[in-house]
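Chains as they are written, first to last, in the numbering used here: chain A, 1 to 111; chain B, 112 to 224.
Here a beta-carbon is modelled for each residue, glycine too, at the ideal position from N, C-alpha and C.
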Amino acid sequence: LAKTTQPISMDSYEGQEVNITCSHNNIATNDYITWYQQFPSQGPRFIIQGYKTKVTNEVASLFIPADRKSSTLSLPRVSLSDTAVYYCLVVGAGSNYQLIWGAGTKLIIKP
Amino acid sequence: ETGVTQTPRHLVMGMTNKKSLKCEQHLGHNAMYWYKQSAKKPLELMFVYSLEERVENNSVPSRFSPECPNSSHLFLHLHTLQPEDSALYLCASSQGQGAETQYFGPGTRLLVL
Numbered sequence: 001l002a003k004t005t006q007p008i009s010m011d012s013y014e015g016q017e018v019n020i021t022c023s024h025n026n027i028a029t030n031d032y033i034t035w036y037q038q039f040p041s042q043g044p045r046f047i048i049q050g051y052k053t054k055v056t057n058e059v060a061s062l063f064i065p066a067d068r069k070s071s072t073l074s075l076p077r078v079s080l081s082d083t084a085v086y087y088c089l090v091v092g093a094g095s096n097y098q099l100i101w102g103a104g105t106k107l108i109i110k111p
Numbered sequence: 112e113t114g115v116t117q118t119p120r121h122l123v124m125g126m127t128n129k130k131s132l133k134c135e136q137h138l139g140h141n142a143m144y145w146y147k148q149s150a151k152k153p154l155e156l157m158f159v160y161s162l163e164e165r166v167e168n169n170s171v172p173s174r175f176s177p178e179c180p181n182s183s184h185l186f187l188h189l190h191t192l193q194p195e196d197s198a199l200y201l202c203a204s205s206q207g208q209g210a211e212t213q214y215f216g217p218g219t220r221l222l223v224l
């Protein structure tokens, strides 16, 4: 099973671009990489998912190198409301429910 | 009511009590999950139900007993819990299996005394 490793915490400032990297050295061929955001007293919320190269949506981008052993979540022009815990999840595309969550990165955005 | 709801939001129980956590999803999804979230640890997947059938049980102690009476409801029955079971218990649902996006409820904060 792929184990995911991500930084425990990060700080940044409003208006900056923030990049959070997750390591998943043993990722399997069928695994996807998904990122979730969690605010206090709430459940995690889906941000973005990818398999390889680059994926972009209205809130974030996800960069995955060719070897897929890591991934980087990029948040453009963060605001104070982006202060949250961000989780990296490696999940198999099949029905075996191999869900490997990272321990989360606590991102603090300062004014 | 929309999304995934969980009740109660907070629960304090003694080690000899029996209680139940309830989850309801209003999204028409086919899969439902129970997770345990402890401080500074990854989310731990406990149980997965797909079309009301349990498809995953990650070595969870028998003092936790899940029940899925239909595709919209999921229960977690608790009895003779230990203090180390104190955590946030999250319910989630997804349309299908595998890499499908999961939608989470707000969780039940459980304290076992």
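For the options A/Ile20, A/Thr83, A/Tyr51, the alpha carbon positioned closest to that of A/Ile33 is the one of A/Tyr51. Contact annotation, A/Glu14 with A/Ile108: C-beta distance approximately 11 Å; criterion of less than 8 Å not satisfied. At a cut-off of 3 residues, the continuous stretches assigned as beta strand (DSSP E) that sit fully inside the region 156-187 of chain B are 164-168, 175-181. Identification of chain A residues near B/Ala203 by a Cβ-Cβ cut-off of 9 Å yields Gly43, Pro44, ordered along the chain. When A/Ala28, A/Met10, A/Pro7 are compared, the shortest CA-CA separation from A/Arg68 is found for A/Ala28.
Under the DSSP definition of a beta bridge, B/Asp196 lacks any partner. Spanning the alpha carbons of B/Ser170 and B/Glu211 requires a straight line of approximately 23 Å. With the rule of 3 Cβ pairs closer than 8 Å, the region 164-180 of chain B does not count as touching the region 122-129 of chain B. Listed along chain B, the residues sitting closer than 9 Å to A/Gln49 by beta-carbon distance are Ala210, Thr212. In the displayed model, B/Ser149 falls within coil according to three-state DSSP, outside both helix and strand. At least one CB of chain B lies nearer than 7 Å to the CB of A/Leu99.
Proximity of A/Ala103 to chain B, defined by a Cβ-Cβ separation below 7 Å, is satisfied.
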